Amino acid sequence: MEIVLTDWQILLVKVAIILAVVPTATLVAGYAEHKVMAHLQHRLGPMYPGGFHGWATLLADGMKFLYKEDIIPKAADKRVFTLAPFLIFVPTILIYMVIPVDRTLIVEDLDVGIFYLLAISSVSAIGVLMAGWSSANKYSLIGTFRAAGQLIAYELPIVLSAAVVAMLAGSLSLVSIVEAQRWPFIVWPPGIGLVAFLVFTSATIAELTRPPFDMPVAESEIITGPFTEYSGMRFIFSYFFPEVANMVALGAIGATLFLGGYRPIAPWGPLDAIPGVVWFLLKTSFMVFLFLWIRPTFPRLREDQLQKFAWKILIPTSLALILATGAWILYV
Amino acid sequence: MPTTDKHVRDASEVAHEAEILHTGGTRERFGTEEMILNVGPQHPATHGVFRLLATIDGEVLVHADPVIGYMHRGYEKLVEQRDYRQITNLVSRMDWLSGINNEFPLALAIERLMEIEVPPRAQYMRVVLVEMNRIINHLMFFASFGAELGAITPTFYAFREREAIQYTLESATGGRMHFGYFRPGGLKEDVPRGFFEGALRGVRQVITRLPDYEDLLVGNEIFKQRTIGVGVLDKEVAYNYGVSGPIARGSNITFDVRKDEPYSSYDHFDFDVPFGTSGDCFDRFWVLVHEVVESAKIVEQAIEGMPAGPIVGKVPRVIQAPKGETYVRTENSLGELGMYLISDGDKRPYRLKIRTPSYNNVSALSHVLRGTFVSDMIAILGSFFFVLGDIDR
Numbered sequence: 115m116e117i118v119l120t121d122w123q124i125l126l127v128k129v130a131i132i133l134a135v136v137p138t139a140t141l142v143a144g145y146a147e148h149k150v151m152a153h154l155q156h157r158l159g160p161m162y163p164g165g166f167h168g169w170a171t172l173l174a175d176g177m178k179f180l181y182k183e184d185i186i187p188k189a190a191d192k193r194v195f196t197l198a199p200f201l202i203f204v205p206t207i208l209i210y211m212v213i214p215v216d217r218t219l220i221v222e223d224l225d226v227g228i229f230y231l232l233a234i235s236s237v238s239a240i241g242v243l244m245a246g247w248s249s250a251n252k253y254s255l256i257g258t259f260r261a262a263g264q265l266i267a268y269e270l271p272i273v274l275s276a277a278v279v280a281m282l283a284g285s286l287s288l289v290s291i292v293e294a295q296r297w298p299f300i301v302w303p304p305g306i307g308l309v310a311f312l313v314f315t316s317a318t319i320a321e322l323t324r325p326p327f328d329m330p331v332a333e334s335e336i337i338t339g340p341f342t343e344y345s346g347m348r349f350i351f352s353y354f355f356p357e358v359a360n361m362v363a364l365g366a367i368g369a370t371l372f373l374g375g376y377r378p379i380a381p382w383g384p385l386d387a388i389p390g391v392v393w394f395l396l397k398t399s400f401m402v403f404l405f406l407w408i409r410p411t412f413p414r415l416r417e418d419q420l421q422k423f424a425w426k427i428l429i430p431t432s433l434a435l436i437l438a439t440g441a442w443i444l445y446v
Numbered sequence: 205m206p207t208t209d210k211h212v213r214d215a216s217e218v219a220h221e222a223e224i225l226h227t228g229g230t231r232e233r234f235g236t237e238e239m240i241l242n243v244g245p246q247h248p249a250t251h252g253v254f255r256l257l258a259t260i261d262g263e264v265l266v267h268a269d270p271v272i273g274y275m276h277r278g279y280e281k282l283v284e285q286r287d288y289r290q291i292t293n294l295v296s297r298m299d300w301l302s303g304i305n306n307e308f309p310l311a312l313a314i315e316r317l318m319e320i321e322v323p324p325r326a327q328y329m330r331v332v333l334v335e336m337n338r339i340i341n342h343l344m345f346f347a348s349f350g351a352e353l354g355a356i357t358p359t360f361y362a363f364r365e366r367e368a369i370q371y372t373l374e375s376a377t378g379g380r381m382h383f384g385y386f387r388p389g390g391l392k393e394d395v396p397r398g399f400f401e402g403a404l405r406g407v408r409q410v411i412t413r414l415p416d417y418e419d420l421l422v423g424n425e426i427f428k429q430r431t432i433g434v435g436v437l438d439k440e441v442a443y444n445y446g447v448s449g450p451i452a453r454g455s456n457i458t459f460d461v462r463k464d465e466p467y468s469s470y471d472h473f474d475f476d477v478p479f480g481t482s483g484d485c486f487d488r489f490w491v492l493v494h495e496v497v498e499s500a501k502i503v504e505q506a507i508e509g510m511p512a513g514p515i516v517g518k519v520p521r522v523i524q525a526p527k528g529e530t531y532v533r534t535e536n537s538l539g540e541l542g543m544y545l546i547s548d549g550d551k552r553p554y555r556l557k558i559r560t561p562s563y564n565n566v567s568a569l570s571h572v573l574r575g576t577f578v579s580d581m582i583a584i585l586g587s588f589f590f591v592l593g594d595i596d597r
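Chains as they are written, first to last, in this note's numbering: chain A, 115 to 446; chain B, 205 to 597.
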């Protein structure tokens with residue numbers, strides 16, 4: 115018997131799937147962060163919660179944060195302070211809507227996929243500004259302005275390098291982009307693909323405010339920047355959860371735009387037998403591992419050096435890339 | 205707020221310069237003003253209860269005043285109530301990262317007043333212990349400086365290397381931070397079996413692995429950008445503030461008490477004094493890292509040439525220094541540690557004035573911090589290698 119669902123029921127299923135996938139992905143990536151960093155640093159990381167290699171660490175952490183006192187500073191702008199975590203948290207979930215996990219496995223194949231994605235991921239910047247400003251804390255204030263400068267500066271290279279991919283595919287839909295890509299993915303077309311990938315990855319790390327671009331939340335300088343005054347679950351939903359969830363989302367986007375998404379890594383018959391979901395997850399894991407690997411490897415840049423890096427290196431490079439891509443499309 | 209008229213005037217002048225330098229005159233256009241930022245006493249980068257009262261203009265530090273005294277424990281008064289053997293354990297707690305180093309000048313001062321002969325084995329032994337302590341102290345700052353710049357991994361590597369040496373020291377003294385092993389006239393007792401092997405193993409491990417860590421941190425491009433030319437401490441300023449130790453040597457002051465005024469048996473050993481030329485954060489850190497290697501060389505030489513014999517000289521049962529006074533200085537891990545001991549012939553000292561390195565070193569901070577960025581402030585604080593207990597005593 116064929117099951118016929120109304121639009122509303124389809125919507126509900128989609129929402130349910132997203133709400134199940136996002137926390138799971140976050141927990142797995144968060145656990146991976148603990149473990150990868152630990153092993154790079156010659157230690158074991160969490161070993162006890164849950165029994166096997168501390169798999170339940172993050173659940174235990176979550177429970178701990180749940181029981182923490184919810185503190186709102188007296189001088190804080192209470193409404194803005196409580197609203198800010200939602201503005202950071204909700205866009206994070208919305209990113210997952212357009213990521214093609216397989217050729218047909220996608221919540222919403224928008225015609226303007228990339229456009230939607232880049233637009234929605236910038237919304238959280240407003241949330242960060244609100245959080246920092248309403249906290250009435252000087253360290254938050256410094257962090258807020260660092261975040262504002264950084265998020266604006268690094269939107270551009272992301273947009274421009276994504277534009278390169280969109281130009282090559284001739285479409286803004288993420289599924290069409292994956293289909294239009296040619297093997298070997300990141301080095302195709304020669305040079306352009308690889309440079310675009312590097313620009314995208316470094317800009318992504320800055321956008322995620324992860325080391326070495328984590329000045330807005332630099333722990334040794336300004337505590338946790340805009341989120342200094344947040345505690346308990348508010349801290350989780352304003353800082354920790356969105357950071358990890360965004361990392362997975364942007365990793366997935368990187369894998370989709372540059373690594374061929376759900377398609378096999380080589381045009382070789384037997385590899386086609388492996389489902390696209392597996393390829394997609396492998397490639398996303400690779401991207402996430404890249405982010406995790408960079409974190410314990412590098413010291414932190416300074417804010418002005420970061421701006422220089424964005425405006426003097428990344429943005430001119432990506433503009434030159436667009437030019438080169440145009441020439442490639444026209445003449446090759 | 206302890207801001208005097210002088211400070212305000214200073215601040216506005218410097219602010220004006222800083223503004224022209226960094227903002228291109230935003231203050232006139234937007235009507236911005238300075239903000240007082242209280243860094244510490246509880247702040248991750250201050251290693252304890254150090255406080256910095258900073259006036260910032262955007263991210264630029266217009267003025268910064270170190271505020272100390274949160275950990276004053278009155279050591280100089282406490283020692284007046286205790287006999288000479290008890291003081292050893294007290295001074296061991298001043299600079300908690302180099303406990304055994306602190307005991308050295310005290311023992312030397314008492315020995316000089318009482319004219320006690322220290323047997324050669326004790327002399328060599330003391331050098332071994334002190335240099336091992338210097339290595340673990342320097343590795344600690346290697347770790348913390350990296351962490352302050354956002355590189356978290358060197359911390360764990362440095363602690364792994366520390367542990368071997370720390371364990372060996374523990375096997376001899378029974379302590380990990382507060383050793384209390386020196387006695388007037390020598391040491392508490394001879395070292396246990398296996399001490400020398402453990403010490404050599406630990407020290408050689410540091411020598412073989414340090415180049416890797418250096419590449420990881422010092423060779424990193426971001427690290428260079430964050431430290432070269434940042435927080436320059438001029439030679440003149442360093443002299444004027446009485447800065448000593450690795451920080452002074454970073455500023456091209458090639459003075460090392462161990463080399464220039466050898467005490468104990470330091471003149472028996474062959475070692476270099478690394479020094480930098482520009483006095484920036486990078487040079488200070490570079491000196492610190494290379495001192496580890498030199499200390500390791502001293503430990504190896506001392507253990508190879510270790511004489512046999514007693515570990516304590518002829519010391520009377522009741523230590524009672526004759527009337528007189530003396531000043532002894534040694535090269536502590538972080539600089540020159542001086543002790544001025546006055547005795548009135550009692551079992552207890554009449555007065556013990558302690559000159560600690562960190563106190564003088566941080567006094568130069570205010571000068572160096574002016575006009576830097578908030579991020580640089582953290583790098584500079586980290587590169588001044590201070591221990592709170594050493595500042596406040």
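Glycine included, C-beta positions come from ideal geometry on N, C-alpha and C. The model shown is predicted, which means the values in this text are computed figures rather than measured ones.
Inter-residue distance for Thr259(B) and Ala355(B) is about 27 Å (C-alpha atoms, whole angstroms).
Annotation: Val271(B) is outside any alpha helix (DSSP H); the continuous beta strand (DSSP E) that includes it extends over 264 to 271. When 7 Å is used as the limit between beta carbons, Lys397(A) is near no residue of chain B, the shortest such separation being about 26 Å.
Judged by pairs of C-beta atoms under 8 Å, the stretch 285 to 295 of chain B touches the stretch 546 to 553 of chain B, as three or more such pairs exist. Phe341(A) and Val331(A) have their C-alpha atoms roughly 8 Å apart. For Glu343(A), no chain B residue has a C-beta closer than 8 Å to its own C-beta; the minimum C-beta separation is roughly 15 Å. If you draw a straight line from the Cα of Leu396(A) to the Cα of Leu224(A), it is about 24 Å long. Fewer than three beta-carbon pairs drawn from the stretch 429 to 436 of chain A and the stretch 251 to 259 of chain A are found closer than 8 Å, and the two stretches are therefore not classed as touching. According to the DSSP assignment, Asp261(B) belongs to the beta strand (DSSP E) that extends over 255 to 261. Comparing alpha-carbon positions, the option among Phe349(A), Ile350(A), Ser235(A) lying closest to Glu321(A) turns out to be Ser235(A). Here the alpha carbon of Phe405(A) sits roughly 8 Å from the alpha carbon of Met361(A). Residue ranges of uninterrupted alpha helix (DSSP H) with 4 or more members, entirely inside the stretch 208 to 249 of chain A and ordered along the chain, are 227 to 248. At a cut-off of 8 Å between C-beta atoms, Gly350(B) counts as an interface residue with respect to chain A. Taking Ile336(A) as the centre and dropping the five residues before and after it, the same chain places the C-beta of Tyr253, Ile256, Gly257 closer than 6 Å to its C-beta, in chain order.
For a cut-off of 8 Å, the C-beta gap from Leu373(B) to Asn337(B) is around 7 Å, short enough to register as a contact. Cβ contact annotation for Gln155(A) (same chain, cutoff 7 Å, sequence separation greater than five): Pro410, in chain order. Closest by C-alpha distance to Ile306(A), out of Ile436(A), Met151(A), Val127(A), Ala146(A), is Ile436(A). Distances from the CA of Glu504(B) to each of Ile339(B), Leu541(B), Leu437(B), Asp464(B) were compared; the closest alpha carbon is that of Ile339(B). Proximity of Ala189(A) to chain B, defined by a Cβ-Cβ separation below 8 Å, is not satisfied. Contact between His148(A) and Pro160(A) holds, with the beta-carbon distance rounding to 6 Å and staying under 8 Å. Exposed is the label assigned to Trp382(A), since fewer than 16 other Cβ atoms lie within 10 Å of its Cβ.
In this model, Ile369(B) and Glu465(B) are separated by some 27 Å (Cα to Cα). Comparing alpha-carbon positions, the option among Val221(A), Ser316(A), Ala424(A) lying closest to Met211(A) turns out to be Val221(A). Collapsing the DSSP output to three states places Leu437(B) in coil. Taking Glu357(A) as the centre and dropping the five residues before and after it, the same chain places the C-beta of Leu322, Thr323, Arg324 closer than 8 Å to its C-beta, in chain order. By the CB criterion at 8 Å, Phe459(B) and Ile502(B) fall outside the cutoff.
Put simply, the CB of His148(A) is far from chain B, with every gap to its CB atoms at 8 Å or more. In the DSSP assignment, Tyr544(B) falls within the unbroken beta strand (DSSP E) covering 539 to 547. Annotated as proximal: Pro303(A) and Trp442(A), with beta-carbon spacing under 8 Å. Think of a sphere of 8 Å around the beta carbon of Phe360(B): the chain A residues whose beta carbon falls inside it are Gln155, His156, Arg157, in chain order. With contact defined as three or more Cβ pairs closer than 8 Å, the stretch 375 to 383 of chain B and the stretch 470 to 490 of chain B are not in contact.
Arg430(B) belongs to the set of residues whose beta carbon lies under 8 Å from a beta carbon in chain A. For Arg552(B), the secondary structure class from DSSP, reduced to helix, strand or coil, is coil. Bridge pairing for Leu404(A): absent [DSSP]. Straight across, the Cα-Cα distance linking His247(B) with Glu352(B) is about 12 Å. With the criterion set as a beta carbon lying under 9 Å from some beta carbon of chain B, the stretch 222 to 245 of chain A has no members that meet it.
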